[in-house]
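J.: There's a structure below that I have some questions on.
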Amino acid sequence: MRYLLLGKTGLKVSEVGFGGIPIIRLSTAEAVKVLRLAYDRGITLFDTANAYLDSEEKMGLAFEDVRSRLILATKTLKRDREGVEADIDLSLRRLRTDYLDLFQIHQVSQESDYQKVTGPGGALEAVYRAREQGKVRHIGLTSHSIDMAARLVRTGLFSTIQFPFNFIESKPIDDLHPWARQQQMGILAMKPFAGGVLDNGELCFKFLRQFPDVIPLPGFDAPDKVDQIADIYETENSVSPDDLAAMEKCRTELGQQFCRRCEYCQPCEQDVKITAAMAYPILARRMSPAKAVGFSAKMMESIRNCIKCGECVKRCPYDLPIPEMLKKHLALYEEHAGRREG
Ligand code: SF4
Ligand code: SF4
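The letter at position 162 of the sequence shown is residue 356 when you use our numbering, and the numbering goes up by one with no holes.
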């Protein structure tokens, strides 16, 4: 495992990090075991969010005795100063620490998010104050919209950018990473497996290792998965012509029929939570159906408001048949919730 500077933060981090969603579905003891194994295999960057149910608490428990040797990153979905102040204190408590190495404003993807976060009384005011108080060391950003991410990167307000990046979502190579490098920002890659769409770890990470200043944040839910990725990082490997062919085959098989979470389709006038609901099948696979039903209830119930007006379809750059896909996902959710009729 190599250790790299995370852009202008000056933080030294392992060349691959740990994403905190999948430990949600583990018991506390299992989660602690997986987290400690990752730490033993040399991973030092752990990324979570207070929206990820008990993920922060599990990390806090796993790492209390080695806190100073780790880089802990978390995030907030709140947009207002008071909400973000409360979230920072909540994350500190759950992570059992008195400072957060990296605090990220999560999912800034739409114009309204941008205005609220950067405007008076917005999220940034709270994070600046927390930084003065020593609660937060560096400020980052996550987004699913490449245009918004590139715009925010160019403001120079943030030290890191976290964006989906994998061999089927490779647009950041041209449209985001060069801007981030120009600002000397740390670059974090969420969804190295495309949110669960890809399952060939070797192929995914061979692709990602071509970009040594981009730190992927795979999620782990089992010790063997930690070992698999750590082994890849301990081996010299490069992308072969066969790998390129396998990636191309995968792109062709997936076609265009999957949601990239770009959020261009939103807002929906009927308040259907489109992006979140589109992710339901993957979430159910990653979290377990029982937990996904509880976690996603609000988003999935919002599908019932859909009047099939087709406005979202016009805005989706991938031409997804959104209402039909949502209907299918709702049926799956109902099946998991044991409420499917007929
Ligand atoms: S088709 Fe449904 S989800 Fe899409 S904008 Fe119209 S009401 Fe909203
Ligand atoms: S449905 Fe289309 S527009 Fe909406 S988030 Fe998914 S890919 Fe983007």
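No residue lacks a Cβ here, since even glycine has one placed at the ideal position from N, Cα and C.
Quick caveat, the model's predicted, so the values are computed rather than measured.
#1: Drop a sphere of 10 angstroms on the beta-carbon of Asn360, count the other beta-carbons inside from all chains shown, and report buried for 16 or more, exposed for fewer.
#2: Buried or exposed: which applies to Cys453, given that a residue is buried once 16 or more other Cβ atoms fall within 10 Å of its Cβ?
#3: Whose C-alpha, out of Phe401, Pro358, Pro366, is nearest the C-alpha of Gly390?
#4: Following a CB-centred definition, is Pro517 positioned closer than 7 Å to any heavy atom of ligand 1?
#5: Would you report the Cα separation of Glu535 and His523, rounded to the nearest angstrom?
#6: Grouping DSSP H, G and I as helix and E and B as strand, with all else coil, what is Leu205?
#7: Rounded to the nearest angstrom, what separates Pro386 and Val433 at their Cα positions?
#8: Run the proximity test for Leu514: is its beta-carbon closer than 7 Å to any non-hydrogen atom belonging to ligand 2?
#9: Let me know the secondary structure DSSP gives Asp393 once reduced to three states.
#10: In three-state DSSP terms, what is Glu535?
#11: Express the C-alpha separation of Glu457 and Met519 in angstroms, rounding to a whole number.
#12: By DSSP, does Lys419 sit in helix, in strand, or in coil?
#13: Verify whether the separation of the beta carbon atoms of Gly213 and Met384 is less than 8 Å.
#14: Determine the DSSP secondary structure at Pro410, reduced to helix, strand or coil.
#15: Give, in chain order, every unbroken run of the alpha helix (DSSP H) that is at least 4 residues long and sits entirely within the region 247–291.
#16: Buried or exposed: Leu253, going by 16 or more other Cβ atoms within 10 Å of its Cβ?
#17: How is Pro435 classed by DSSP in three states: helix, strand or coil?
#18: Less than 8 Å between the C-beta atoms of Val207 and Thr238, yes or no?
#19: Going by beta-carbon coordinates alone, are Lys400 and Asp437 separated by less than 8 Å?
#20: Answer yes or no: the CB of Arg454 versus the heavy atoms of ligand 3, is any distance below 7 Å?
#21: Ala232 and Phe405 look like a contact to me (Cβ under 8 Å); what is the Cβ gap, rounded to whole Å?
#22: With a 10 Å radius around its C-beta and 16 neighbouring C-beta atoms as the bar for buried, classify Gln378 as buried or exposed.
#23: Quick check: what's the CA-CA separation for Glu543 versus Lys508?
#24: Would you decide whether Phe502 is buried or exposed? Buried here means 16 or more other CB atoms lie within 10 Å of its CB.
T.: Put simply:
#1: It is buried - the Cβ of Asn360 has at least 16 other Cβ atoms within 10 Å.
#2: Label assigned to Cys453: buried.
#3: Comparing Cα positions, the closest option is Pro358.
#4: When distances are taken from the beta-carbon of Pro517 to the heavy atoms of ligand 1, the shortest one is below 7 Å.
#5: Residue confidence for Glu535 is low, a pLDDT of 45 falling below 50, so the modelled location carries little weight; the figure read from the coordinates is stated next. Cα to Cα, the separation comes out at about 15 Å.
#6: Per DSSP, reduced to three states, the secondary structure at Leu205 is coil, with no helix or strand assignment.
#7: Approximately 16 Å between the Cα atoms of the pair.
#8: Leu514 has its Cβ nearer than 7 Å to a heavy atom of ligand 2.
#9: Three-state result, Asp393: coil.
#10: Residue placement at Glu535 is flagged as unreliable, the pLDDT there being 45, under the threshold of 50; the coordinate-derived value follows with that caveat. Assigned with DSSP and collapsed to three states, Glu535 falls in coil, not helix or strand.
#11: Cα-Cα distance, rounded: 15 Å.
#12: Three-state result, Lys419: helix.
#13: The answer is yes: Cβ separation under 8 Å.
#14: Judged by DSSP in its simplified three-state form, Pro410 adopts strand.
#15: Runs found: 249–257, 275–288.
#16: In the sequence under discussion, the amino acid at residue 253 is Met, which differs from the Leu named in the question. Burial call: buried.
#17: If DSSP states are grouped into helix, strand and coil, Pro435 belongs with the helices.
#18: In contact: Val207 and Thr238 (Cβ atoms closer than 8 Å).
#19: The Cβ atoms of Lys400 and Asp437 sit closer than 8 Å to each other.
#20: With respect to ligand 3, the structure shown offers nothing to examine, as its ligands consist of ligand 1 and ligand 2.
#21: Contact between Ala232 and Phe405 does not hold, since their C-beta atoms are separated by about 21 Å, which reaches or exceeds 8 Å.
#22: It counts as exposed.
#23: Coverage of the chain is limited to positions 195 through 536, which leaves residue 543 absent and any answer about it impossible.
#24: Reading off the sequence, residue 502 comes out as Lys, not Phe. When all chains shown are included, Lys502 counts as exposed.
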